[in-house]
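Down below is the structure, laid out as structure tokens.
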Amino acid sequence: MGRKLLLEKAHVPGIRSYEVYRREGGYASVEKALKTMSPEAIVEEVKKSGLRGRGGAGFPAGLKWSFIAKPEGVPRHLVCNADESEPGTFKDRYLMEFIPHLLIEGLIVSSYALGSHATYIYIRGEYAWITDILEQAINEAKANGFLGKNILGTGFDCEIYVHRGAGAYICGEETALIESLEGKRGNPRIKPPFPAIKGAWGRPTVVNNVETLASVVPIINLGGEEYATIGVGKSTGTKLISACGNINKPGVYEIDMTISVEEFLYSDEYCGGIPNGKKLKACIPGGSSVPILPANLLLKTAKGETRYMNYESLSDGGFASGSMMGSGGFIVLDEDQCIVRNTYSLARFYRHESCGQCSPCREGTGWMEKLLYRLEKGEGKSSDIDLLWDIQSKIEGNTICPLGDAAAWPVAAAIRHFRDEFEWHVTHAAEAQTSNFGLAHYADPIHVPTV
Amino acid sequence: MSEIQLFKVTIDNITIEVPAGTSILHAARQIGGDVAPPAMCFYSKLEGSGGKCRTCLVEVSKGSEKDPRPMPKLVASCRTNVMDGMEVKNITSPKVIDARAGIVEFLLLNHPLDCPVCDQAGECHLQDLSFEHGKADTRYEFQRRTFPKHDLGKYIQLHMTRCILCYRCVFVADQLTNKREHGILDRGDHSEIATLIEKNLDNDFIGNVIDVCPVGALTDKTFRFKNRVWFLKPMDAHRNCPTCSGKVTLWNRGEEVYRVTARKDQWGEVEDWICNDCRFEKKQSSDWTIEGPRLIDRHSVIAQGHYAGTVGTNIPTETFKAVHAGRDPKLLMDIHSVSEVNPTDIELSLINGPAHSNNFNSNKD
Amino acid sequence: MVQFSEEKLAKVKELIERYPEGKQKSALLPLLHLAQDSFGGWLSSDTMDYVASLLSIEPIEVYEVATFYSMYNTKPIGKYMFEVCQTGPCMLNGSDNIIEYISKTLGIKPGETTADGLFTLKTVECLGACGYAPLMQLGKHYREHLTKEKVDEIIAECSNTAAANN
Ligand SMILES: Cc1cc2nc3c(=O)[nH]c(=O)nc-3n(C[C@H](O)[C@H](O)[C@H](O)COP(=O)(O)O)c2cc1C
Ligand code: SF4
Ligand code: SF4
Ligand code: FES
Ligand code: FES
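Here it is, written out as structure tokens:
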């Protein structure tokens, strides 16, 4: 049973209210930080903790904070990224819905560290009822002196506002998010300048994920060093994983990144295995954009070593035989699932969500979707598979923002690992409409050379 | 006065010094020739433009003297500034050539290739781009995108299917007119240039969208289908205009002014913005003081009708293939096919000198 | 002409004040939500022009934004809109069957509205609730773990509410 730092109290009855949250020890980190620590000391603590951004890229949070420009007389802003739209990911929703004050607490401390007097939570538009939950939490915090003017008599002023998006995955990308916050279309900006120099309204801005900012609370309470002892290597602290697809217990789990993928997938404490006695075929371990892995590369690395649920181990083997931690969206596919269909569905998603600004992504995502649809319907040609490979390689790395990469990777990985299933859709077109390629050899043990 | 810092930058093995703050694209243009990457969306005179089309991608093989690490990805040269000691590869990088061919294919994917009936034919940057950097045919086998028709009023014709979403026209409306009325609607591959509610775009400077549009998506209605550009003779001219500089290029045949545009430099960018009055309403030779013929030094089809002398025409003797160093421009329009200006039954090569409307009229009955 | 009530205008003012002075355009997304909720569940060009005037911005700036985001309806919709997620993780859990079932039961294809103007069916991409698949958004809330029976119940519930309000 791993240690829980974020969700430990999530199911205490009434924890959504300020009274219960406070009684359970909430807002202690605000008192500690604002009364006894300088903003610089907090940044130091976060650096020591080794906390990595939980939004997907895994960039060290403390380091990011230290980049923020501090020009004389220019306000700075902290923006919390609650856009959560990467398929497979629903951990931030869980945190905000069940224990909203934890996020507000983390935001106050982080705003103090960064000197933000107006902090915004950019939440995806569909989470309409969570907007109400957050606004209520903000009002309660304010009524109790944790927000507003002169917080706890320390002279620090801070307001938090919730800004609701309106349906656009791309607004999770931090510069698109900023554009959207400014009331514009969610077109990612061309960088440089980076938000730390010129972000919202041209002011220095830090954008962090919900979970990242909530993690600041235990970091301040425990101290950065102690936080860093949890987990392993550069995967410190705990991580929220949202598990879905073909598993017995879909849901959000807090893990301390030392458990193996096998334990996470099969133990009753977490996913509880695959329903109906079915076998594992494949898994997308970190949100839909990260490479899909066949069963045999998921539980063990190409070297035959156990794979663990942490940043380093999940990416062991690079894109050739590994994947990524990404946003922590763990999507499981059982033996009855069709990889071509799944890839098509994801390609449709990325085409739908492309902002359309740059040509490789705007045109390439639609082209891939059409080809995959044709293959899935049994109308494809075997040259389509090579063409798909070529298109994804022309998109990857050549776009304004990483959505292009996010659209290219799933296609690349599916072809890399499941090419024979794609080919089967061409050679057995009619059969592919009524039956399934099945598990095939995807769960076979990997041959590990001993010499 | 503080000294302007000079940075040394090497592009395709040619080293020059440029002031700090210069973009790689501008540095490359100073060297000129093939070293200058193609730019479909960037426009020097429009703030914030560039970065979108990705045709100008280059490889930075050395970041700077201080930090010599290469950049991990290709970068948009129009939006990346040079650093001291930077080394850039454009046409010397196979990666760039390959990526660019991909970008060209993407840009053409949904393009109607209706050059035969397009007024931009002959001065279209996408045409140039496709035969200089593209591959011969497309691998796209799906139906091309279509859009509902939008009307932008009496001056400007919009063909949305040809648009490459460079955003230049939006920047023009934002930066040159006091009230922006058109913009980009919808998103992704459905994005389109529109006003939503049909509006007559008639702001004093809005006509400049025609000059900045790299393709035939925005064209001059007052010129529409009247002629092909390569039959016209460009002349620099000016008038005393109360609104703009009045410095324009007239596109004439004989004494007739067919079209008025701004003067463009070798990169296809205008020298001065001109007003709607000069562009759309002054179509008499007597409106203008003629300065002399304008040399069009773009290497495109338009230069085929290149006017070397003051009078008469040099009819090019070389074949197209020879002019283009062996490349066979597959995507170039075949002007013998359907066109409202060029009826198919006229063998243009048989016409002595530039074609006249008479040549077409006489055949009409 | 559309016009917010006094109470809503006060809300508009409060929303604008959340952003730095002179950056009132930032309130565009929240204002469009408010307008859509207030004026029949969709944004007509009149509504959008009205929002533009409240923020002193050009109407085109509003059109650009309203057409970019998938939650703004620029065409009228039914009284109840079933927005069913169809992305990968939901698909693994049978969302296609649910969409087909709703389609058959209501006699409309995705994107269409029933003749009585009561129901619109729309397929949407990941709603950020993949662990509760298959699911749909209905108004402000999600209806999760959908089955055919649950769909029937929801349809009955909507029809009854609509009948009661008439
Ligand atoms: C297309 C795209 C979508 C993204 N969506 C999200 C998201 O929904 N939530 C999130 O926190 N980060 C998202 N990100 C990552 C953000 O750009 C940014 O890196 C992150 O918010 C930084 O916070 P962190 O360092 O705390 O992870 C997305 C990135 C891209 C390119
Ligand atoms: S990569 Fe896609 S989403 Fe990102 S800026 Fe380009 S078109 Fe927009
Ligand atoms: S209409 Fe022309 S100028 Fe405007 S975005 Fe399209 S291609 Fe660019
Ligand atoms: S010209 Fe540089 S990206 Fe278009
Ligand atoms: S895929 Fe349906 S909610 Fe995420």
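Residue numbers (my numbering), protein chains in the order written: chain A, 2 to 452; chain B, 64 to 428; chain C, 80 to 245.
We put the beta carbon where it would ideally sit given N, CA and C, even for glycine.
Just so you know, these numbers come straight off a predicted model, no measurement behind them.
Please classify Val81(C): does DSSP put it in a helix, a strand, or coil? If you number the third sequence from 1, residue 81(C) lands on position 2. Coil, per DSSP.
C-alpha gap between Ser18(A) and Asn311(A), whole angstroms: If you number the first sequence from 1, residue 18(A) lands on position 17. If you number the first sequence from 1, residue 311(A) lands on position 310. Going by the C-alpha atoms only, they are around 33 angstroms apart.
Can you find a CB in chain F that lies within less than 8 angstroms of the CB of Cys245(A)? Structure shown: chain F not included; protein chains present are A, B and C.
I'd like to confirm something about Val292(B): is its beta-carbon nearer than 7 angstroms to some heavy atom of ligand 1, or not? Position 229 of the second sequence holds residue 292(B). No; taking the cut-off as 7 angstroms, the Cβ of Val292(B) has no heavy atom of ligand 1 nearer than that.
Quick one, which of Ile353(B), Glu344(B), Val323(B), Val272(B) has its alpha-carbon nearest Lys108(B)'s? Here residue 108(B) corresponds to residue number 45 of the second sequence, with the count starting at 1. The shortest C-alpha separation from Lys108(B) is found at Val272(B).
Residue from Leu189(B), Glu332(B), Asp249(B), Gln238(B) whose Cα sits closest to the Cα of Gly169(A): Taking the first sequence and counting its residues from 1, the one referred to as residue 169(A) is at position 168. In the sequence as displayed, the identity of residue 169(A) is Ala instead of Gly. Of the listed residues, the one whose Cα sits closest to Ala169(A) is Asp249(B).
Taking 8 angstroms as the threshold (beta carbon to beta carbon), is Gly111(B) in contact with chain C? One-based indexing of the second sequence puts residue 111(B) at position 48. It does not: the Cβ of Gly111(B) has no partner Cβ on chain C nearer than 8 angstroms.
What residues in the stretch 269-294 of chain B have a beta carbon less than 9 angstroms from any beta carbon of chain C? none
Counting only runs of 3+ residues fully inside the stretch 81-122 of chain B, write out the beta strand (DSSP E) ranges in chain order. none
Going by DSSP, what residue range makes up the alpha helix (DSSP H) through Ser124(C)? The count along the third sequence starts at 1 and reaches residue 124(C) at position 45. Run containing Ser124(C): 124-134, per the alpha helix (DSSP H) assignment.
Chain B beta carbons: is any one of them nearer than 8 angstroms to that of Lys227(C)? Taking the first residue of the third sequence as position 1, residue 227(C) is located at position 148. Chain B, which has no Cβ nearer than 8 angstroms to the Cβ of Lys227(C), makes this no.
Where Tyr301(B) falls: helix, strand or coil (DSSP): For the purposes of this step, residue 301(B) is taken as the residue at position 238 of the second sequence. Strictly speaking, residue 301(B) in this sequence is His, with Tyr absent from that position. If DSSP states are grouped into helix, strand and coil, His301(B) belongs with the strands.
Chain A within 8 angstroms of Asn153(B), Cβ atoms only: Residue 153(B) sits at position 90 when you count from the first residue of the second sequence. Using beta-carbon distances, Asn153(B) does not count as an interface residue toward chain A, since no partner is under 8 angstroms.
Contacts that Gly252(A) makes with chain C (C-beta to C-beta distance below 8 angstroms): On the first sequence, residue 252(A) is found 251 positions in, with the first residue counted as 1. Here the neighbours are Gly210.
Are the C-beta atoms of Val130(C) and some chain A residue less than 8 angstroms apart? Taking the first residue of the third sequence as position 1, residue 130(C) is located at position 51. With respect to chain A, the C-beta atom of Val130(C) has no partner C-beta closer than 8 angstroms.
Just the Cα atoms here: how many angstroms apart are Asp391(B) and Leu111(C)? What you label residue 391(B) is simply residue 328 of the second sequence in a count that begins at 1. What you label residue 111(C) is simply residue 32 of the third sequence in a count that begins at 1. Here Asp391(B) scores only 44 on pLDDT, less than 50, and its place in the model should not be relied on; the value that follows carries that caveat. Approximately 52 angstroms, taken between the alpha carbons.
Given that Arg202(B) touches chain A, what residues does it touch there, using C-beta distances under 8 angstroms? Reading the second sequence from its first residue, position 139 is the one you call residue 202(B). Residues of chain A passing the Cβ test: Leu388.
Interface residues of chain C around Ile332(A) at Cβ under 8 angstroms? Sequence index remark: in the first sequence, residue 332(A) carries index 331 (1-based). Counting only Cβ-Cβ distances below 8 angstroms, Ile332(A) has contacts in chain C at Gly167, Pro168, Leu171, Cys209, in chain order.
State yes or no: is the C-beta of Thr166(C) nearer than 7 angstroms to some heavy atom of ligand 5? As a position in the third sequence, residue 166(C) is number 87, starting the count at 1. It does: the Cβ of Thr166(C) is within 7 angstroms (strictly closer) of some heavy atom of ligand 5.
Residues of the stretch 146-158 of chain C whose Cβ lies closer than 7 angstroms to any Cβ of chain A, in chain order: Phe147, Tyr148, Ser149, Met150, Tyr151
Can we count Cys229(B) as close to ligand 2, meaning its CB is less than 7 angstroms from some heavy atom? In the second sequence, the residue the question calls residue 229(B) occupies position 166. No, Cβ of Cys229(B) sits at least 7 angstroms from all heavy atoms of ligand 2.
Under the criterion of a Cβ to heavy atom distance below 7 angstroms, does Pro88(A) qualify as lining ligand 2? Walking along the first sequence from the start, residue 88(A) turns up at place 87. Every heavy atom of ligand 2 is 7 angstroms or more from the Cβ of Pro88(A), so no.
Buried or exposed (CB count within 10 angstroms, at least 16 for buried), Thr37(A): As a first step, residue 37(A) must be located in the first sequence, where it is residue number 36. Exposed.
Reducing DSSP to helix, strand and coil, say where His188(B) ends up. The residue you call residue 188(B) lines up with position 125 of the second sequence. Looking at His188(B) - three-state DSSP - the assignment turns out to be helix.
If you compare alpha carbons, which of Leu88(C), Gly196(C), Lys90(C) is closest to Lys154(C)? One-based indexing of the third sequence puts residue 154(C) at position 75. Among Leu88(C), Gly196(C), Lys90(C), the Cα nearest to that of Lys154(C) is on Gly196(C).
According to DSSP, residues forming a beta bridge with Met38(A): Locating residue 38(A) in the first sequence gives position 37, counting from the first residue. Met38(A) pairs with nothing; no bridge assigned.
Chain-ordered residues, beta carbon under 6 angstroms from a heavy atom of ligand 2: Listed by chain position, these are Ile171(A), Pro189(A), Ser355(A), Cys356(A), Gly357(A), Gln358(A), Cys359(A), Cys362(A), Arg363(A), Thr400(A), Ile401(A), Cys402(A), Leu404(A), Gly405(A).
Which two residues bound the contiguous alpha helix (DSSP H) that contains Trp368(A)? For the purposes of this step, residue 368(A) is taken as residue 367 along the first sequence, with counting starting at 1. Here the alpha helix (DSSP H) through Trp368(A) covers 360-377.
Taking 7 angstroms as the cut-off, is the C-beta of Asn172(C) nearer than that to any heavy atom in ligand 1? Reading the third sequence from its first residue, position 93 is the one you call residue 172(C). Answer for Asn172(C): no, Cβ out of range of ligand 1.
Among the residues of its own chain, which have a CB less than 6 angstroms from the CB of Asp237(B), if the five just before and after it don't count? Reading the second sequence from its first residue, position 174 is the one you call residue 237(B). Closer than 6 angstroms at Cβ, skipping near neighbours: Arg243.
Name the chain B residues whose beta carbon is nearer than 7 angstroms to that of Ser124(C)? Within the third sequence, residue 124(C) is the residue found at index 45, counting from 1. Within 7 angstroms Cβ-Cβ: Leu259, Ile260.
Exposed unless 16 or more other CB atoms sit within 10 angstroms - verdict on Val412(A): The count along the first sequence starts at 1 and reaches residue 412(A) at position 411. Looking at its Cβ environment, which holds 16 or more other Cβ atoms inside 10 Å, Val412(A) is buried.
Do Val145(B) and Val98(B) count as a contact pair if the criterion is CB distance below 8 angstroms? Residue mapping note: residue 98(B) aligns to position 35 of the second sequence, counting from 1. Residue mapping note: residue 145(B) aligns to position 82 of the second sequence, counting from 1. Against a cut-off of 8 angstroms, the Cβ pair of Val145(B) and Val98(B) comes out as no contact.
Are Pro138(C) and Asp128(C) closer than 8 angstroms when you measure CB to CB? For this step, residue 138(C) is matched to residue 59 along the third sequence. For this step, residue 128(C) is matched to residue 49 along the third sequence. Yes.
In chain order, what residues of the same chain lie with their CB nearer than 7 angstroms to the CB of Gly379(A), ignoring the 5 residues before and after it? Here the question's residue 379(A) lines up with position 378 in the first sequence. Around Gly379(A): His426, Ala430, Ala431, Ala433, Gln434.
For the stretch 100-119 of chain B against the stretch 434-443 of chain A, do three or more pairs of beta-carbon atoms, one drawn from each stretch, fall closer than 8 angstroms, so that the two count as touching? no
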